[in-house]
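Colleague: Residue numbers (this note's numbering): 20 to 302.
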Ligand SMILES: Cc1cc2nc3c(=O)[nH]c(=O)nc-3n(C[C@H](O)[C@H](O)[C@H](O)COP(=O)(O)OP(=O)(O)OC[C@H]3O[C@@H](n4cnc5c(N)ncnc54)[C@H](O)[C@@H]3O)c2cc1C
Ligand code: FES
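Written out as structure tokens, the structure is:
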């Protein structure tokens, strides 16, 4: 069992959990993710390692309540436990030889981006970060990212904080003035990563994205997370989730991400599956 040590609400429906998991904390690197199961009746869902503390033996996850399983996690409290935490899974984001980097986070993408920003800052890399969200209340990790970056730009879709518009508007403006960057890392909604990759392609800047493909086992066995990268089939869980953004077939991913939309809506509307699980758990 993996006990919750700390819980903090970062924004409406977005919770941060620090969990005791010494073996995972010992090996976690930026880019890794976990497969999490609350109890024996729960769904297995992938969540990014948003931070880790090797000394304390803990890992941090940041969870946005979007459906049944994420709500089940967000309802947990300090001292509750997860039955399973499998990880660290996936490949770490490799950024060995870069000096000037722009990090772009959209919404919850700030969570997976944060450990990478932290490690780049530790290496002395010159960092600009663009943090975007639909509105001010949904901006997370703003102070943490500001502390680690030379410059932090905020964008909100509705203009409630920072620049009104998308992260790509800010990125275009920066690159128009200075395009001498070695790398752009973009993490957020699939559509955002697609458009960031289109912008950086014009400037010929290496671009890394982290895909939130649908996952089941997270270990390369089911094929659920397959993605076409440079014309080849890859599995996000073992070959990624970070890939060269200029090679990813985003249109295919956007299509695949809708595969179970009708079933997810039914669970939300009727909670039939959730009610069944709760009944089993209570008996
Ligand atoms: C590598 C990776 C890292 C992720 N990291 C985070 C994170 O740090 N924090 C966070 O809040 N979310 C993260 N996600 C997304 C998270 O797994 C989904 O939000 C969660 O599975 C939703 O389940 P649900 O039952 O609450 O919602 P549902 O109603 O079942 O689904 C809502 C949406 O969540 C996504 N989703 C559902 N099931 C899965 C699944 N098995 N695999 C991937 N996506 C799914 C789909 O886009 C779906 O439309 C990550 C996904 C991946 C692949
Ligand atoms: S989640 Fe099953 S192969 Fe990647």
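Note that beta-carbon positions come from the ideal geometry of N, C-alpha and C, so glycine has one too.
Assign residue 28 to buried or exposed, taking buried as 16 or more other Cβ atoms, counted over all protein chains shown, within 10 Å of its Cβ.
Modeller: exposed
Colleague: Just to confirm, is the Cβ distance from residue 123 to residue 186 under 8 Å?
Modeller: yes
Colleague: Within this structure, are the beta carbons of residue 239 and residue 257 separated by less than 8 Å?
Modeller: yes
Colleague: Sorry if obvious, but does the Cβ on residue 88 come closer than 7 Å to a heavy atom of ligand 2?
Modeller: no
Colleague: If you measure between the beta carbons of residue 158 and residue 180, is that distance less than 8 Å?
Modeller: yes
Colleague: Looking only at its chain, what residues have a beta carbon closer than 6 Å to the beta carbon of residue 248, apart from the 5 residues adjacent to it on each side?
Modeller: 262, 266 and 267
Colleague: Got a sec? Which residues, its chain only, sit under 6 Å from residue 184 by beta carbon, not counting five neighbours each side?
Modeller: Hits under 6 Å: 174.
Colleague: In its own chain, which residues sit with a C-beta less than 6 Å from the C-beta of residue 25, not counting the 5 before and 5 after it?
Modeller: 37
Colleague: Does the Cβ of residue 253 have 16 or more other Cβ atoms within 10 Å, making it buried, or fewer, making it exposed?
Modeller: buried
Colleague: Mark residue 82 as exposed unless 16 or more other C-beta atoms lie within 10 angstroms of its C-beta, in which case mark it buried.
Modeller: buried
Colleague: Leaving out the 5 sequence neighbours to the left and right, which residues in its chain are closer than 6 Å to residue 154 when beta-carbon positions are compared?
Modeller: 175, 177 and 179
Colleague: Going by the C-beta, is residue 254 closer than 7 Å to any heavy atom of ligand 2?
Modeller: yes
Colleague: Would you say the beta carbon of residue 120 is closer than 7 Å to some non-hydrogen atom of ligand 2?
Modeller: no
Colleague: Which residue comes first and which comes last in the beta strand (DSSP E) that contains residue 187?
Modeller: Here residue 187 belongs to no beta strand (DSSP E); instead the alpha helix (DSSP H) covers 186-196.
Colleague: Any chance the CB of residue 187 is under 7 Å from a heavy atom of ligand 4?
Modeller: Of the ligands one can find in the structure shown, namely ligand 1 and ligand 2, none is ligand 4.
Colleague: Does DSSP put residue 119 in a helix, a strand or coil?
Modeller: strand
Colleague: Grab the span of the alpha helix (DSSP H) containing residue 274 for me, first residue to last.
Modeller: 269-275
Colleague: At a threshold of 7 Å, does residue 48 count as lining ligand 1 (C-beta to nearest heavy atom)?
Modeller: no
Colleague: Do residue 108 and residue 64 have their C-beta atoms within less than 8 Å of each other?
Modeller: Remark: C-beta atoms of residue 108 and residue 64 do not approach each other more closely than 8 Å.
Colleague: Is the separation between the beta-carbon of residue 230 and that of residue 275 shorter than 8 Å?
Modeller: Not a contact, by the Cβ cut-off of 8 Å.
Colleague: Can residue 234 be considered in contact with ligand 1, in the sense that its beta carbon sits closer than 7 Å to one or more heavy atoms?
Modeller: yes
Colleague: With distances taken between CB atoms, is the gap from residue 204 to residue 132 smaller than 8 Å?
Modeller: yes
Colleague: Cβ-heavy atom distance between residue 66 and ligand 1 below 7 Å?
Modeller: yes
Colleague: Is it the case that the Cβ atoms of residue 228 and residue 206 are separated by a distance below 8 Å?
Modeller: yes
Colleague: Checking the sheet assignment: what are the DSSP bridge partners for residue 26?
Modeller: 36
Colleague: On the three-state DSSP scale, how would you describe residue 219?
Modeller: Helix, per DSSP.
Colleague: In the DSSP output, which residue or residues are listed as bridge partners for residue 151?
Modeller: 125 and 174
Colleague: Measure the CB-CB distance between residue 190 and residue 121 and report whether it falls below 8 Å.
Modeller: yes
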